[in-house]
Amino acid sequence: MYDIKGYYDAETVSEATALLADNPNLKIIAGGTDMLIKMHGGQLEDVELLSLRKIKSLEKISIADNGTIVIGAMATFSMIFHNPILKDAAPILTEAAISMGGPQIRNIATIGGNVCNGATSADSASSLFALNAQLKLESKAGERVVPIREFYLGPGKVALNPGEILTEILIAPEDYKGFGGHYIKFAMREAMDIATLGVAVLCKVESVTFNEVRIGLGVAGPTPLRCLEAEEYAKGKEISSETLAEIGKLAVKSTKARTSWRASKEYREHLVEELTQRALKTAVVSAGGAEVV
Amino acid sequence: MAYTVVGKSVRRVDAVAKVTGRAKYTDDFSERNMLVGKILHSPYAHAIVKSIDVSKAKALPGVEAVLTYKDLPDIRFATAIPGIIEAMATDEVGVAELKYSTAGHPYALEETHRDKEDRNILTQKARFVGDNIAAVVATDDLIASKALKLIEVEYEVLEPLTSTDAALKEGAPLIHDDCEGNIISSKGYEMGNIEEALKESDHVIEGEYETSIVQHCHLENQVSHAYVDSDRRIVIMTSTQIPHIVRRIVAQSLGISWGRVRVIKPYIGGGFGNKQDVCIEPLNAAMSLAVGGRPVRLELSREEAMIDTRTRHAFKFKIKTGINNDGKINGIYISAVSNTGAYASHGHSIASSGGGKFRYLYPTKALKYEPLTVYTNLPVAGAMRGYGTPQIFFAFESHIEDIAKKLNLDPIEIRKKNVVKEGHVDPLSKNTIRSCSIRECIDKGRELIKWDAKKALYKEQTGDIRRGVGMACFSYASGTYPVALELAGARIVMNQDGSVQLQLGATEIGQGSDTVFAQMVSEVLGIPMYMVHVISTQDTDITPFDTGSYASRQTYVSGMAVEKAALEVKKKVLTVASSMTDIPAHLLDLKEQSVVFKDSGEKVIELEVVAMQSYYDRVNAQPITSDVSNNARINAIPFGVTFAEVEVDMKTGKIKILEIYNVHDSGKIINPLLAEGQVHGGVSMAIGYALSEQLLFDEKTGKPLNNNLLDYKLPTIMDTPDIGAAFVEKEDPTGPFGVKSLGEPPIVSPAPAIRNAVLDATDVAFNRIPMNPQRVFEKFKEQGLI
């Protein structure tokens, strides 16, 4: 039994933003896989819900004429995994999608919900960070677009203003074209688990050197993050195990891991160093580079 | 012996019901206007309730009753039900002080052999985070939850003892006033002279090993409902392994006579020992009494069930083994400290029982076992699949591997040299090993995993990914004889068409016992499986007496009662047939729904005709039935071995199992497919035990950290490799159809086998489980491997 005081559903985005403007107490529910756990655990009481499930337009995944990929916020992880556009253009996102929960969760959990939940462990987050995703936020007053790195403010805290709904996730062509990538979810289990570390890397390769490297990490700090120092270092460097080792070391510098009963800081940092290198090794090959031995 | 149905993989009798969702579990049953009960758990590990104010909770609309330790079990609310009050024992101590035991053991007439009575239904003294302080009964879940928040409790917080070290420290506060030093039991044993045996040995090797607290995680959480019927008796439907014991303990907890309680057990969603204990039923009964006998449901959430039912004891072992150059063990000394948590439950018997079952595997000149079972302010440890053996075999099978490594002996040969042989009589239990195929099991496992080839292949590895193989052996028992009573009951009624109903006290808890019992009856009576209707529900008003499902006793102990009941029916059928045909009964047999000549198999008369005669003969009508009890004053010792192959990621500390085989000597296998299922389940539980599962607590406060299935790392099917199950079938002369037990055995040896495989792969000895990536990382770091 859930403690639900009221339940509203909208069929269009404008209907939803209007409802939200009228009643700022409404909590938005998408797939519900995070919300229901919060209600079950008593973190949310007497809640009034606004459901977006009937807004079918938000489930669409498409590619605009200018090459921008548009992912509707209500696209489920199953939809993302099976989407041919994303499989082709952003496999680090589809890999992340299939790593999440189990089949039943993936059939209902949405990418918009995953992002708005604000968890550093969100399975989509490290990939969306590496892809420089932009978030379209709509309210009754209008819309704005925010880069994902500015959206995550702290654990469970995102830059969603009262009245705003995340409607679309945008990936510009310059952020995915020509990249090779790889995603590693390191968790204690092969399914139904929260990541100990999520590593998403993208790279562009020019013969034997790195043209560009991007490293997105989840669970390496209070929010998902990018390893800018390591990325900067990699630019123009020869692709070798020594370069990778240095990238791994520098990646740790961007992290803010802490010790908890789940894992120690030392172990988390060790994983960042090791798994960044492993992910890049695979990414180099998928970007057309030679295997690093 | 050649059998028709026994030994065949017939379909489970409950397969269709379970697959189609028609099988009904406790939560599928409902009484009209059923109320909901909820528990107020202590937030402190060790505290005394100074004051408690329930007035606000009581005032909440929809709240029907609020209970605290002051009311329970108290005459005040029972006055509403005159029948109960008359039945209340005239208790001189006063019922509010009534303490009871919860362990699912048969009652003992000798007072010294009874379980430790240390529990109240609700307590004034909290002994672990989650202890039951108060309870509410309300019209729905949400109101009940809100009412809990309105109960105002003032606690005096005491020092929490969150480890056995803390509990054993001199001057440590007592968790139970009557238990000096917080030591609940220290019952061990000594055979031979250990000091001499060690002195005579070429080598004395020592080791220390440690296991963690884990939880059963059965699919169905504890759930029950209770009401008072029109005969003024308390009726409880509950998800339990032990309906007859629940009846006794509920009555004891309330101080009423046992016949005043009726317990019904429908299908249950797993137990693994956690439901061989009485956790929620006494409180559920009290809740119903508090509202005038109206029906109340009590269902634990997963988060509650993980801390407020039972767990598996964590053990710390110190072992000293005296061994000669040729690998022959002279003497073993084992000391153990077992953490039983806040209440006794099965704690007083588990360390001793594990040590008892260990004794069968390696008989030595001298063996000394000194266990100490200690109360702490952690959740209550109780029975869990293996009952003390997963712990002691993890320790010893790791230890013997370390010995082999140290003395450069072959790990298989050292075991073969020391394992027991047929004919051995255990000097303490006097149980005789009448069948033993442990050597054949070892040979079979060695072949299955291709041991010799892999051993050679995995020598001298250096890369980031390393592989290794390991093995471990075990011994177990079939039931508890001679420690406890092994009584079982079965009843058979033959219908007019020759089909039968089989009624049992033994409980189907998913393990498949109903099916193997039906196979036994089908075999004896010469009728097909579809003509044996097993009544799966136990109801203490009508079910034959049997203490239930535990100790891997069903097929062996309850099977004896089933065989006896079937043989009695057979005898009666043949007697009637003889009277109808004038052929002496001793010349007759039953086969293919007919009475036949024993020697030729020639058909004499159809079974249906005999059955009809038994019902409707004008002079001699007497339907054919049997109703038997069997007291099994004997035991049969099963053995087995695990072989495992692992791959270790030297950088991340992740261990992956590539192949794993369990080979069992469980006597005759009644149903190979079900037996394989038992092995799959046991091995997968053991994989979690070895690699990932552990209930964690804040050391300072005793607060649970991961009592949910996200943070408690129960392996998923994606983490479970294909599990190989094999059997060496040699019939044991004592069991029905030659069986020995198989329920718990599969969980005993995989953890040490996996640990030994990791040792083989990495040269690092892990003496503590689980070997999760964090721990592996720390150990590799310590050894300079990272």
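Going down the list, the protein sequences come from chains L and H.
Using the working numbering, read the first sequence as starting at 68 and increasing by one per residue.
Using the working numbering, read the second sequence as starting at 440 and increasing by one per residue.
We put the CB at the ideal spot given by N, CA and C, even for glycine.
Note that the structure is predicted; figures quoted are calculated from it, not measured.
Boundaries of the beta strand (DSSP E) harbouring Glu273 (chain L): 264 to 273, taken from the DSSP string. With a cutoff of 9 angstroms on beta-carbon distance, Asn1147 (chain H) and Met745 (chain H) are scored as near each other. Between Ile872 (chain H) and Lys855 (chain H), the alpha-carbon positions lie close to 16 angstroms from each other. Note that the C-beta distance between Arg905 (chain H) and Ala820 (chain H) is not below 9 angstroms. Flagged as an interface residue toward chain L: Gly1092 (chain H), by a C-beta distance shorter than 9 angstroms.
By the CB criterion at 9 angstroms, Ile773 (chain H) and Lys807 (chain H) fall inside the cutoff. Annotation for Ala690 (chain H): Ser696, Trp697, Arg699, Val700 place their beta carbon closer than 7 angstroms to its own, counting only its chain and skipping 5 residues before and after. A residue is called buried once 16 or more other Cβ atoms fall within 10 Å of its Cβ, and Thr326 (chain L), having fewer, is exposed. The C-beta of Gln171 (chain L) has fewer than 16 other C-beta atoms within 10 Å across all chains shown, which makes the residue exposed. With the criterion set as a beta carbon lying under 9 angstroms from some beta carbon of chain L, the members of the stretch 1207 to 1219 of chain H are Asn1211, Pro1212, Gln1213, Phe1216, Glu1217, in sequence order. With contacts defined by Cβ atoms closer than 9 angstroms, Glu840 (chain H) and Pro829 (chain H) do not form a contacting pair.
Secondary structure at Pro291 (chain L): coil, using DSSP grouped into helix, strand and coil. In the structure shown, the three-state DSSP call for Leu220 (chain L) is strand. Contact check for Leu1224 (chain H) and Met1124 (chain H): beta-carbon distance about 30 angstroms, past the 8 angstroms limit, so the pair fails to qualify. Close to Thr578 (chain H), with beta-carbon spacing below 8 angstroms, lies no residue of chain L; the smallest spacing is near 11 angstroms.
Within chain H, the residues placing a beta-carbon under 9 angstroms from that of Arg256 (chain L) are Ser1131, Lys1152, Leu1153, Pro1154, Thr1155, Met1157, Asp1158, ordered along the chain. Cα atoms of Arg173 (chain L) and Ser194 (chain L): separation of roughly 17 angstroms, rounded to the nearest angstrom. Per the Cβ contact rule, the stretch 1070 to 1084 of chain H is not in contact with the stretch 1018 to 1030 of chain H (fewer than 3 Cβ pairs under 8 angstroms).
Nearest CB-CB separation between Arg329 (chain L) and chain H: below the 9 angstroms threshold. In the displayed model, Gln1117 (chain H) falls within a helix according to three-state DSSP. If only complete runs of 4 or more residues are kept, the stretch 1041 to 1120 of chain H shows the alpha helix (DSSP H) at 1046 to 1055, in order along the chain. About 3 angstroms separates the CB atoms of Ala484 (chain H) and Gly1141 (chain H); that is less than 8 angstroms, so the two are in contact. Met167 (chain L) sits in coil when the DSSP states are folded into three classes, being neither helix nor strand. Judged by their CB atoms, Gly1163 (chain H) and Glu1098 (chain H) are nearer to each other than the 9 angstroms cut-off. Less than 9 angstroms separates the beta-carbon of Lys1093 (chain H) from that of Pro1212 (chain H).
For the stretch 225 to 238 of chain L, the beta-carbon criterion of a distance under 8 angstroms to any beta-carbon of chain H is satisfied by none of its residues.
Inside the stretch 954 to 1031 of chain H, DSSP marks whole beta strand (DSSP E) runs of 3 or more residues at positions 971 to 974, 1027 to 1030, from first to last along the chain. Annotation note: the stretch 122 to 153 of chain L contains the following uninterrupted alpha helix (DSSP H) runs of length 4 or greater, listed N- to C-terminal: 144 to 149. Positions of the beta strand (DSSP E) runs, each at least 3 residues long and wholly inside the stretch 725 to 784 of chain H, are given as 735 to 738, 753 to 762, 768 to 780 in order along the chain. Contact between Tyr915 (chain H) and Ser991 (chain H) holds, since their C-beta atoms are separated by about 7 angstroms, short of 8 angstroms. Going by DSSP, Lys585 (chain H) is part of the alpha helix (DSSP H) stretching over 580 to 589.
Taking 9 angstroms as the CB threshold, Ser584 (chain H) lines the interface with chain L.
Close CB contacts of Pro721 (chain H) within its chain, under the 6 angstroms cut and outside five residues either way in sequence, are with Ile560, Val689, Ser692 (chain order). Counting only residues of its own chain and dropping the five nearest sequence neighbours on each side, Ile487 (chain H) has a CB closer than 6 angstroms to the CB of Lys564, Glu595.
Beta-bridge partners assigned by DSSP to Tyr300 (chain L): none are found. CA-to-CA, the gap between Arg450 (chain H) and Lys757 (chain H) works out to about 46 angstroms.
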